[in-house]
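Per the working numbering, residue 6 is the first one in the sequence shown, and the count goes up by one each step.
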Amino acid sequence: MTNEAFDVEIEALVRPPVTFDRAKVLSRPSPVPPAPGVYAWYFHGMAKTVPFEGTHASDDGHLLYVGISPKAPSRDGLRISRQSLRTRVRYHFRGNAAGSTLRLTLGSLLAEELGIQLRRVGSGQRLTFSDGEAKLSDWMAGHARVCWVATPAPWTLESALITQLTLPLNLDQNVTSGFREQLSALRAHQRLTARELPVIPR
């Protein structure tokens, strides 16, 4: 992909003509395409511990996180994800922390505010916010908006975005982030506490 093409796609994410809230993303038919691509999340009313300095701001909030679907194929080419923008973005809005690193991050940041705690559920292998997932979904409905750009190899665009933008909620590849250590510690604390608490049967 040329630098010019990268610039066009990055522009589509930092200055999107429209962003979408939870209700719109989960509507049918969903506006999210069943295609590979990169999605960008804008938030307002975020926890005060999150640093906003240097982040891209718009009327929809601060751009704090980007993600991709599908993941890059394994080096041996044997493990290829079948997910798409549609399946991934919808899951972030209505799934749980076991399957969404974004929800794990948001729940860890908002745990005290929302009164939620990561817990072991079912067999004890999965970690979710249990009944708190509904509270997290409600918070996202009022404070999160998302946009996306379809692209055949989203992992290359994601790397460019993490290099060029200030994205405090991204951990993977984001080695220069000043918030990375603090966010990692918050997530680790949630996991440690969850393992010390009884399993919630499902």
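Virtual Cβ for every residue (Gly too), placed ideally from N, Cα, C.
None of the values given here were measured: they were computed from a predicted structure.
Residues of the same chain with a CB within less than 7 Å of the CB of residue 29, apart from the 5 flanking positions on each side, are 36 in chain order. The segment 31-115 contains, as complete alpha helix (DSSP H) runs of 4+ residues, the segments 90-99 (chain order). Distance check between residue 96 and each of 137, 142 and 68 places 142 closest, using alpha-carbon atoms only. By alpha-carbon distance to residue 15, the top candidate from 51, 76 and 156 is 156. Put simply, the backbone Cα of residue 187 is about 9 Å away from that of residue 54. Take residue 31, set aside five residues on each side of it, and the residues of its chain with a beta-carbon closer than 8 Å to its own are 95, 98 and 99, in chain order. The segment 192-199 makes no contact with the segment 72-82: fewer than 3 CB pairs, one atom from each, lie closer than 8 Å. A direct Cα-to-Cα measurement between residue 146 and residue 165 gives close to 28 Å. Here residue 34 is exposed: its Cβ has fewer than 16 other Cβ atoms, across all protein chains shown, within 10 Å. Here the alpha carbons of residue 10 and residue 22 stand approximately 18 Å from one another. Bridge partners of residue 11 according to DSSP: none are assigned. Our two residues, residue 149 and residue 12, have alpha carbons roughly 24 Å apart in a direct line. A residue is called buried when at least 16 other Cβ atoms come within 10 angstroms of its Cβ; residue 64 does not meet this threshold and is exposed.
Collapsing the DSSP output to three states places residue 171 in coil. By the beta-carbon neighbour count (other beta carbons within 10 angstroms, threshold 16), residue 207 is exposed.
Its chain contains 167, 172 and 185 as the residues whose beta carbon lies nearer than 7 Å to that of residue 179, once the 5 sequence neighbours on both sides are disregarded; these appear in chain order.
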